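Student: Quick note on numbering: the sequence shown equals residues 0 to 108 in numbering that gives the first Met the number 0.
C-beta: ideal position from N, C-alpha, C; glycine also.
Keep in mind it's a predicted model, so treat the numbers as computed, not measured.
Below is the structure I would like to discuss, written out as structure tokens.
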Amino acid sequence: MTMSSLRRTLRLLPVLASGLLCTLAHSQSAQELNTRALAATCANCHGTDGRAVEGSGSARLAGQSAGFIIEQLQAFRSGSRPATVMHQLAKGYSDAQIRDLATYFSAQR
Numbered sequence: 000m001t002m003s004s005l006r007r008t009l010r011l012l013p014v015l016a017s018g019l020l021c022t023l024a025h026s027q028s029a030q031e032l033n034t035r036a037l038a039a040t041c042a043n044c045h046g047t048d049g050r051a052v053e054g055s056g057s058a059r060l061a062g063q064s065a066g067f068i069i070e071q072l073q074a075f076r077s078g079s080r081p082a083t084v085m086h087q088l089a090k091g092y093s094d095a096q097i098r099d100l101a102t103y104f105s106a107q108r
């Protein structure tokens with residue numbers, strides 16, 4: 000590598016790093032949006048962001064520990080916890096989606 004090509008490469012380094020950071024930020028935003036969209040499907044029964052309306056009979060998801068939510072969704076999915084519709088819904092979630100939902104709802108207050 001010649002000195003001039005090295006200088007040119009070094010001048011491009013901040014531009015390349017900036018592009019990489021933008022790509023990573025966009026990717027993270029896409030993942031966050033995907034998780035929020037998945038969590039929004041729970042709102043019909045569990046309220047916006049998992050904040051169930053008092054007296055609705057649905058469990059509050061917001062603020063529950065991630066471990067507890069994972070455990071419950073896995074129990075619904077396996078059929079070991081009885082349910083009206085949750086066992087059917089939980090069967091459609093991958094392990095990664097269950098973890099994402101649990102993380103999302105545990106962060107809500």
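(1) Compare the Cα-Cα distances from TYR92 to each of ARG108, PRO81, GLN71 and THR83 and report the closest residue.
(2) Pick helix, strand or coil for CYS44, following the three-state DSSP scheme.
(3) For LEU60, count neighbouring C-beta atoms within 10 Å of its own C-beta (all shown protein chains included) and say buried if the count is 16 or more, exposed if not.
(4) Check GLU53 in the structure and name its three-state DSSP category.
(5) For GLN30, which option in ARG108, LEU100, SER105 and GLN107 has the closest C-alpha, if you only look at C-alpha atoms?
(6) From the DSSP output, in three-state form, read off ARG76 for me.
(7) If I follow the unbroken alpha helix (DSSP H) through TYR103, where does it start and stop?
(8) Classify ARG59 as helix, strand or coil using the three-state DSSP reduction.
(9) Rounded C-beta distance between ALA65 and SER57? I'm assuming under 8 Å.
Tutor: According to the structure shown:
(1) GLN71
(2) helix
(3) buried
(4) coil
(5) LEU100
(6) helix
(7) 94-106
(8) coil
(9) Actually they do not touch by this definition, with Cβ atoms about 19 Å apart.
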